[in-house]
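Data first, discussion second: the structure below is written as structure tokens.
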Amino acid sequence: MSYVDEPVAIEAANGSGKLIRDVKSACFTPKELANIIWAVTHIGLPHRRLYKLVARHMIWYIDHFDSVNLSLALWGFAKMDVCSPELFHAAAPVIIKMIETFEPHRLCNTAWAFSKTLNAQDNEKLFSAIASVGRVVIDKFNLSNESMLVYSFALAQYKEPVELIGMILKQQIRAIKRGEVNDPRSFANMAWGAAELGVGAKYQDLYTAIADYLARRPRILNDFGINQLATLCLALMMVESKAPQIRVLFDHVRDICATKQMDSTMRTDLMNLQAAFNYYRIDSGCVREALQELLKMEIQQKQERERLIAEQQQQAALMARQKLILGRFTSLSQAIREILVPLVGALLVLFITRRLKLWLLSQ
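Count the sequence shown with my numbering and you get residues 516 to 878, in order.
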């Protein structure tokens, strides 16, 4: 979601106008600034000026933020896709200084926020610090924390913490096999993250464990969104998983997709799903039909755009032709006028002269 400028009337209606004035007056503490971002993120208020003002004040008081408020605010900026690289660059050295005070879930949320804003090359020291602390507190991570961290490293293309990633994947495999899963939806991020980092093929047991867990518990897939289903299936394809339960899992995925409402915003997800189904030679059913319908609609929209463009071009050509004809007519009229006016004037003078001579002779 992109952030926007709101008219004064809307600001007055939703209260953001007063909030902006208050932020301008610098009457908020770091904790309150973080709470503002958290609140507007949860109600979905992507307001350009508000985020810009909060970011500016956060940069001014960045040294006064603690790990809780800083991670919360940065998470909000990333969650709403608000691009503020200046804020993240200013926050990075502060985070590194107090990295050991971050709770596991805040550490992972911070890694995710930075991975959406900056890649590892932009701030390698920060990702290195996160990885170092991650190795120390790994026993305090739950499945979701670990998935988020691996997913964040993959988004940032940070492949250095090989040891930490390996520890996490082994821990995940053990937890899934024991059924110690707090949020199965995190499977998608973990599976894709490991595949994207290039280590997935080495840990095929992870994909086998995930496929087996979900194939035995198909109702869990009802909680997955289309994006999560597509990400999971794509990851299985990326590592060329040969898990015994692949076909059963994909059959469940197809059935779940049939209950979901699909639209044009899911084009990439549908294409990834179709690619995965094709790879495993499994009929995708409603996925294929939805994708075909979407592509058909896109073709129709393209044809309609081309028709409108052609009409506009024809209209422009007609107007240009009319303008040309009018220009030629104007030029012709001007030429005729330039010839006729002197001619008529001369004839009139000649006529008057002759009449005058005749009159004089008659006298």
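By construction, the Cβ of each residue, glycine as well, lies at the ideal position given by its N, Cα and C atoms.
Can you give me the Cβ contacts of Leu641 inside the same chain, cut-off strictly under 7 Å, excluding the 5 residues immediately before and after it?
Ala607, Ile610, Ile611 and Phe629
Best match in Gly842, Glu711, Thr868 and Arg782 for proximity to Lys811 [C-alpha to C-alpha]
The alpha carbon of Lys811 has as its nearest neighbour, out of Gly842, Glu711, Thr868 and Arg782, the alpha carbon of Arg782.
Please report how far the alpha carbon of Ala527 lies from the alpha carbon of Ala570, in whole angstroms.
At Ala527, the pLDDT of 43 sits below 50, so the modelled position is not reliable; the number obtained from the coordinates is stated separately. For Ala527 and Ala570, the distance between alpha carbons rounds to 22 Å.
Please report the distance separating the alpha-carbon of Gly530 from that of His562.
Low confidence applies to Gly530: its pLDDT is 47, below 50, so where it sits in the model is not reliable, and the reading given next is rough at best. Distance between the alpha carbons of Gly530 and His562: 12 Å.
Round the Cβ separation of Leu788 and Ala745 to the nearest angstrom and send it over; I've been treating them as touching at under 8 Å.
About 5 Å separates the Cβ atoms of Leu788 and Ala745, confirming a contact at the 8 Å cut-off.
For Leu848, which residues from the same chain have a beta carbon less than 6 Å from its beta carbon, with the 5 sequence-adjacent residues on both sides left out?
The sequence given here places Ser at residue 848; Leu does not occur at that position. The answer is none, since no qualifying residue turns up.
Tell me whether Trp874 is buried or exposed, calling it buried when 16 or more other Cβ atoms sit within 10 Å of its Cβ.
exposed
May I have a chain-ordered list of the alpha helix (DSSP H) segments no shorter than 4 residues that lie completely inside the segment 627 to 708?
639 to 652, 658 to 670 and 677 to 693
Whole alpha helix (DSSP H) elements within the segment 809 to 859, 4-residue minimum:
none
I need the straight-line Cα distance from Gln776 to Gly740, nearest angstrom please.
Each residue's alpha carbon lies about 10 Å from the other.
So within the segment 696 to 772, which uninterrupted beta strand (DSSP E) runs reach at least 3 residues, ignoring any that extend past its ends?
none
Within its chain, find whatever has a CB closer than 8 Å to the CB of Tyr722; leave out the 5 residues flanking it on each side and keep chain order.
Within the same chain, Tyr722 has close Cβ partners Ala706, Gly715, Ala750, Leu751, Val754, Ser756 and Ala758.
Extent of the continuous alpha helix (DSSP H) to which Thr783 belongs:
Thr783: member of the alpha helix (DSSP H) spanning Arg782 to Tyr794, first to last residue.
Spatial neighbours of Leu858 in its chain, beta-carbon cut-off 8 Å, leaving aside the 5 residues before and after:
For Leu858, there are no CB contacts under 8 Å within the same chain when 5 residues up- and downstream are skipped.
Could you tell me the distance, in whole angstroms, from the CA atom of Lys546 to the CA atom of Tyr566?
15 Å
With DSSP as the reference, label Val523 as helix, strand or coil.
Confidence is the limiting factor: at Val523 the pLDDT is only 41, short of 50, which leaves the residue's position unreliable, though a coordinate-based value still follows. Correct three-state label for Val523: helix.
Rounding to the nearest angstrom, what Cα-Cα distance links Thr780 and Ile574 in this structure?
35 Å
In chain order, what residues of the same chain have a beta carbon less than 6 Å from the beta carbon of Ala524, not counting five sequence neighbours either side?
Per-residue confidence for Ala524 stands at a pLDDT of 39, beneath the threshold of 50, marking its modelled position as unreliable; the derived number appears in the next sentence. So no residue of the chain qualifies.
On the CB-based measure, 16 or more other CB atoms within 10 Å of its CB, does Ser599 come out buried or exposed?
Under this definition Ser599 is a buried residue.
Return yes when the Cβ of Leu679 is within less than 7 Å of the Cβ of Ala626, no when it is not.
no
Rounded to a whole number of angstroms, what is the C-alpha to C-alpha distance between Arg693 and Ile814?
Each residue's alpha carbon lies about 49 Å from the other.
Measuring CA to CA, which of Gly559, Val648, Ile577 and Leu568 is closest to Lys594?
Gly559
Report the rounded CA-to-CA distance for Asp596 versus Thr632, giving the unit in angstroms.
8 Å
Taking 7 Å as the cut-off, decide whether the C-beta atoms of Ile761 and Tyr795 are in contact.
yes
Kindly indicate which residue of Tyr666, Leu823, Arg870 and Leu712 has the alpha-carbon position closest to the one of Ala703.
That would be Tyr666, whose Cα lies nearest to the Cα of Ala703.
Do Ala790 and Leu764 have their C-beta atoms within less than 7 Å of each other?
no
Which same chain residues, not among the five before or five after Gly800, have their C-beta less than 6 Å away from its C-beta?
Arg769
Indicate whether the contact test is met: 3 or more Cβ pairs, each with one atom in the segment 685 to 692 and one in the segment 655 to 664, closer than 8 Å.
Yes, they touch.
Tell me the rounded alpha-carbon separation between Phe866 and Phe844.
In a straight line, the C-alpha of Phe866 is about 31 Å away from that of Phe844.
His579 - partner residues in DSSP beta bridges
DSSP lists no partner for His579.
Looking at C-alpha atoms only, which residue of Gly649, Ala709 and Gly591 is the closest neighbour of Leu670?
Ala709
Could you work out which residue in Ile577, Thr556 and Gly649 is closest to Phe592 when comparing CA atoms only?
Thr556
To the nearest angstrom, report how far apart Gly496 and Asp637 are at their CA atoms.
An answer regarding residue 496 cannot be provided, because it is not within the stretch 516 to 878 covered by the chain.
Please list, in chain order, all residues of the same chain as Tyr576 whose beta carbon is under 6 Å from its beta carbon, the five residues on each side excluded.
Pro545
If Ser647 and Phe617 are in contact, beta carbons under 8 Å, what's the gap, nearest whole angstrom?
Not confirmed; about 12 Å, so no contact.
Between the Cα of Met613 and those of Trp590, Asp578, Leu602 and His604, spot the shortest distance and give me the residue it belongs to.
Asp578
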